[in-house]
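Down below is the structure, laid out as structure tokens.
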DNA sequence: CAGAATGTTCCACTATGTGAGACGATGTTT
DNA sequence: AAACATCGTCTCACATAGTGGAACATTCTG
């Protein structure tokens with residue numbers, strides 16, 4: 679893969695890139711393996727890894743000489759999920775939407791050029807948080823992805839569209855940028871997006887953007903179904919509930935982001951109270 | 679000014695420190711606020727923040743001029759949780775232990791000097807993952823904390839003990855390093871640790887370390903109860919189940935860490951491009 | 001035991017990040 | 001309204017901090 683390098687922010691960028699690479703392996707990775715996927719010289723990579731280990735972002739198993747993601751990430755992510763993601767605020771609305779429609783519900787946010795699912799309701803099974811939330815998917819061929827792109831800032835779009843892989847998962851996948859831009863215009867006009875089996879055969883969905891009261895893109899919300907059990911028209915009937923939920927989430931966000939009167943809080947060093 | 683983090687490795691260390699700081703606020707933080715808690719000059723902080731935003735680790739809300747943790751962390755943490763933490767492997771064992779004992783069960787790992795809970799079973803309610811796992815707690819006054827410290831490498835201990843706050847949560851809290859070292863020796867001899875209302879009044883627990891087959895410390899496992907409903911003796915009766923579960927987890931880990939013959943099996947959900 | 005992998009360390013070079021201070025844009029006080 | 005205060009942004013001379021080629025050490029492999 680060609681080394682694209684628009685903004686390769688310095689040392690920190692490289693270090694975080696390495697983190698991603700380690701995450702990319704589904705297993706502990708060795709130095710030599712990482713060397714091939716990161717484009718970095720051995721010595722540089724080595725130092726970076728040492729730093730990351732010392733920082734607790736990675737762990738190093740001296741027996742197998744492998745690097746794996748560190749638990750510090752879990753702690754950070756806990757904070758990220760509760761603070762920055764829509765998930766905690768949207769929780770109740772997802773629950774209700776899921777109960778009302780009986781379908782699978784997804785809440786997503788844009789993570790760079792990709793779609794990141796931050797919460798999910800399966801029709802039946804209870805949430806299995808980390809194994810569901812935290813997943814990434816393509817933006818150009820999913821309902822939430824297109825819904826979000828359609829309402830993203832133009833500057834974001836210009837940065838993000840060229841990064842789409844446009845891989846043709848199914849015959850109906852949109853495979854070039856021009857067609858996608860056209861589709862996005864349509865979505866912007868309609869206010870909602872469809873996934874017409876573009877990512878996975880047999881899987882369809884309706885999605886709407888979650889927009890702040892000021893109109894800024896916060897995330898996306900979708901209802902998914904399979905062609906065997908429902909149709910696009912059937913899903914469209916649920917649209918009012920979907921948009922209502924998106925609106926409700928936006929209102930909750932507005933209510934939470936503003937009343938930030940509370941003072942400096944505790945010393946960051948202190949540890950929150952958790953029972954053992 | 680307290681040297682909060684371990685020896686702050688270079689630029690990357692500073693950047694990650696900033697991340698922690700932002701996480702430390704329970705809300706979006708402003709530049710000036712961060713400037714007070716990180717010991718960094720304004721301009722330096724500013725550049726770091728820019729880098730982190732550009733990297734997707736933070737988000738910047740131009741309206742309120744605040745920084746919050748970015749969703750990229752959630753993605754990374756998903757990988758961290760499934761790969762590096764014991765949680766996915768231990769899941770079934772936690773389930774069984776919880777079912778057998780009926781008590782609250784915790785699975786933890788050491789995150790630097792603190793205890794990080796990676797999974798939990800409440801007596802009744804189903805898992806509420808993110809609101810439970812991902813939390814940190816003190817090591818010197820919790821069951822899992824002491825169990826893990828007792829079986830940690832001496833070098834780890836030397837680094838980590840001085841970082842304990844030794845705050846006296848209750849009358850029975852161990853409040854100095856010497857006493858803790860003694861307790862740890864006892865725990866090492868016994869093979870298990872008690873929390874005798876050391877962290878929270880009325881809350882007691884038994885904990886054992888989870889050790890790899892080669893004897894390396896992987897994590898800690900505990901059963902918690904309240905003094906009103908059970909006693910230390912009562913909890914001790916559950917010890918066989920606890921140690922059995924810890925052993926079973928260790929075996930699963932060994933089984934999973936070794937068969938690493940398979941190459942990058944699936945085309946895992948599109949690995950995002952780093953340099954872009 | 002040669003040979004080829006690996007992980008680790010060294011060190012001269014300079015690219016990178018540094019931080020005091022200047023700037024302009026809001027918002028607050030007299 | 002003018003004077004003041006505060007905050008985010010930007011600049012620039014400087015040296016720290018990161019770089020990467022190459023040598024070294026240490027295991028696997030044939």
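Protein chains in written order, with the working numbering: chain A, 679 to 954; chain B, 679 to 954. Ideal placement from N, C-alpha and C gives every residue a C-beta, glycine not left out. What you are looking at is a predicted structure, and each value in this text was computed from that prediction instead of being measured.
Run of the beta strand (DSSP E) containing residue i, from where it starts to where it stops
| i | result |
| --- | --- |
| residue 786 of chain B | 782 to 789 |
| residue 737 of chain A | 736 to 739 |
| residue 888 of chain A | 881 to 889 |
Contacting residues, own chain, Cβ-Cβ under 8 Å from residue i (five flanking each side not counted)
| i | result |
| --- | --- |
| residue 886 of chain B | 825, 869, 870, 871, 898, 899, 900, 917, 920, 921 and 924 |
| residue 709 of chain B | 720, 723, 724, 727, 743 and 745 |
| residue 773 of chain B | 799 |
| residue 690 of chain B | none |
| residue 830 of chain A | 788, 838 and 895 |
| residue 759 of chain B | 765, 766, 796 and 811 |
| residue 813 of chain A | 794 and 795 |
Assigned secondary structure, residue i (DSSP; H/G/I helix, E/B strand, else coil)
| i | result |
| --- | --- |
| residue 707 of chain A | strand |
| residue 718 of chain B | coil |
| residue 662 of chain B | The structure shown does not extend to residue 662 of chain B, since chain B is modelled only from 679 through 954, so no value can be given for it. |
| residue 813 of chain B | coil |
| residue 794 of chain B | strand |
Residue i: first and last residue of the uninterrupted alpha helix (DSSP H) it sits in
| i | result |
| --- | --- |
| residue 752 of chain A | 750 to 761 |
| residue 694 of chain A | 688 to 702 |
| residue 820 of chain A | No alpha helix (DSSP H) holds residue 820 of chain A; DSSP gives it neither H nor E. |
| residue 840 of chain A | Premise fails: residue 840 of chain A is in no alpha helix (DSSP H) and is neither H nor E. |
| residue 831 of chain B | First-last for residue 831 of chain B: undefined, no H or E at that position. |
| residue 770 of chain B | 765 to 779 |
Own chain partners of residue i with C-beta closer than 6 Å, once the 5 adjacent residues on each side are dropped
| i | result |
| --- | --- |
| residue 890 of chain A | 896 and 928 |
| residue 671 of chain A | Since the displayed chain A opens at 679 and closes at 954, residue 671 of chain A lies outside it and no answer follows. |
| residue 738 of chain B | 731 and 745 |
| residue 655 of chain A | Here chain A covers residues 679 to 954 and nothing more, so residue 655 of chain A does not appear. |
| residue 851 of chain B | 819 and 876 |
Cut-off 7 Å between Cβ atoms - residues of its own chain near residue i, not counting five sequence neighbours on either side
| i | result |
| --- | --- |
| residue 747 of chain A | 700, 701 and 736 |
| residue 926 of chain B | 771 |
| residue 947 of chain B | Low per-residue confidence applies at residue 947 of chain B: pLDDT is 31, beneath 50, and the placement is therefore not dependable enough to give any value. |
| residue 767 of chain A | 927, 930, 931 and 934 |
| residue 751 of chain B | 735 |
| residue 695 of chain A | 716 |
| residue 791 of chain B | 817, 838, 841 and 842 |
Where the region 763 to 795 of chain B meets chain A: residues whose CB sits under 9 Å from a CB there:
Legend: CB atoms of the region 763 to 795 of chain B lying less than 9 Å from CB atoms of chain A belong to residues 763, 765, 766, 782, 784, 786, 787, 788, 789, 790, 792, 793, 794 and 795.
Of all the beta strand (DSSP E) runs that stay within the bounds of the region 842 to 913 of chain B, which reach a length of 3 or more residues?
Counting only runs that start and end inside the region 842 to 913 of chain B, the beta strand (DSSP E) elements of at least 3 residues fall at 871 to 874, 881 to 889 and 895 to 904.
Against chain B, which members of the region 884 to 902 of chain A pass a CB distance test of less than 8 Å?
So the list reads 892 and 894, given in the order they occur along the chain.
Please list the residues of the region 689 to 709 of chain B that have a C-beta atom closer than 9 Å to any C-beta atom in chain A, keeping them in chain order.
For the region 689 to 709 of chain B, the set of residues with a beta-carbon nearer than 9 Å to any beta-carbon of chain A comprises 689, 690, 691, 692, 693, 694, 695, 697, 698, 699, 700, 701, 702, 703, 704, 705 and 706, in chain order.
Beta carbons nearer than 8 Å to chain B: which residues of the region 743 to 762 of chain A have them?
Along the region 743 to 762 of chain A, going in chain order, the ones with a CB nearer than 8 Å to a CB of chain B are 746, 747, 748, 749, 750, 751, 752, 753, 754, 755, 756, 757, 758, 759, 760, 761 and 762.
Residues of the region 865 to 886 of chain B with Cβ closer than 7 Å to any Cβ of chain A, in chain order:
Hits within the stretch, in order: 873, 877, 878, 881 and 883.
Chain B contacts made by the region 831 to 844 of chain A, where a contact means CB separation under 7 Å:
Within the region 831 to 844 of chain A, the residues whose Cβ lies closer than 7 Å to some Cβ of chain B are 841 and 843, listed in chain order.
Contacting positions in the region 812 to 825 of chain A - beta carbon closer than 8 Å to chain B:
Of all residues in the region 812 to 825 of chain A, only 812, 813, 814, 815 and 816 come within less than 8 Å of chain B when Cβ atoms are compared, listed by chain position.
If you measure beta-carbon to beta-carbon, which residues of the region 901 to 915 of chain B are closer than 8 Å to chain A?
For the region 901 to 915 of chain B, which is checked against every Cβ of chain A, the residues closer than 8 Å are 902.
What are the residues of the region 848 to 859 of chain B that lie near chain A, defined by any Cβ-Cβ distance shorter than 8 Å?
For the region 848 to 859 of chain B, which is checked against every Cβ of chain A, not one residue is closer than 8 Å.
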